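All remarks here apply to the structure that follows.
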Amino acid sequence: MDISLLKQILDERLANYSEAKTQLRQSFSACEDACDRLLDEIELGTREDSDQKFEELLDLQGRLSRALFMYELDIGPKLTKIVRNFERLHDSQSRDFWFKKIKEGKRDIS
Numbered sequence: 007m008d009i010s011l012l013k014q015i016l017d018e019r020l021a022n023y024s025e026a027k028t029q030l031r032q033s034f035s036a037c038e039d040a041c042d043r044l045l046d047e048i049e050l051g052t053r054e055d056s057d058q059k060f061e062e063l064l065d066l067q068g069r070l071s072r073a074l075f076m077y078e079l080d081i082g083p084k085l086t087k088i089v090r091n092f093e094r095l096h097d098s099q100s101r102d103f104w105f106k107k108i109k110e111g112k113r114d115i116s
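Counting from 7, one number per residue, gives the positions in the sequence shown under this note's numbering.
This is the structure:
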């Protein structure tokens, strides 16, 4: 490969990487906000109403888990706790456990 072409490709890929890192940081911040909102809604609602919120949390948790473990990205301590604490939200007993803790104000993610 020609050196000048190699330099051009490297410059482009580094610029893409830098842009992707910035966008991911912004996305992780938005994920924190979304998780906080979902937890607030769970805290204010009933157990029956919480299932949809838990589904949304589980979906976010899965995506964050992929970022953390597959891509080894630094998603921050709060999102790391969300990944670890909410990995079993598919299970109704786990949802019952977390619903009770959230209602008690013990989110255990801060």
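Yeah, the Cβ is synthetic: ideal placement off N, Cα and C, and Gly gets one too. Here the structure is a predicted model, which means the values were calculated and not measured.
Cβ neighbour criterion (16 or more within 10 Å) applied to residue i
i      : result
Ser10  : exposed
Lys112 : exposed
Asn50  : Residue 50 is actually Leu in this sequence, not Asn. By the neighbour-count rule (16 or more Cβ atoms within 10 Å), Leu50 is not buried but exposed.
Beta-carbon spacing of residue i, residue j below 8 Å
i      : j     : result
Gln67  : Phe92 : yes
Ile108 : Leu16 : no
Asp88  : Leu70 : As written in the sequence, residue 88 is Ile, which differs from the Asp given in the question. Closer than 8 Å, so yes.
Same chain, Cβ closer than 7 Å to residue i, neighbours up to 5 away in sequence not counted
i     : result
Leu30 : Leu79
Top-ranked residue by Cα proximity to residue i, from the options
i      : options                     : result
Glu38  : Ser100, Lys109, Leu85       : Leu85
Gly117 : Leu20, Ala21, Ala36, Glu18  : Residue 117 is absent from the structure shown; the chain starts at 7 and stops at 116.
Gln99  : Arg72, Phe60, Glu110, Phe34 : Phe60
Leu95  : Leu74, Glu62, Tyr77, Arg72  : Glu62
Ser56  : Asp8, Arg101, Ala73         : Arg101
Leu74  : Cys41, Glu110, Phe34        : Phe34
Close-in-space but distant-in-sequence residues of the same chain around residue i (CB under 6 Å, 5 per side omitted)
i     : result
Arg53 : Phe105
Range covered by the alpha helix (DSSP H) that runs through residue i
i      : result
Lys106 : 98-109
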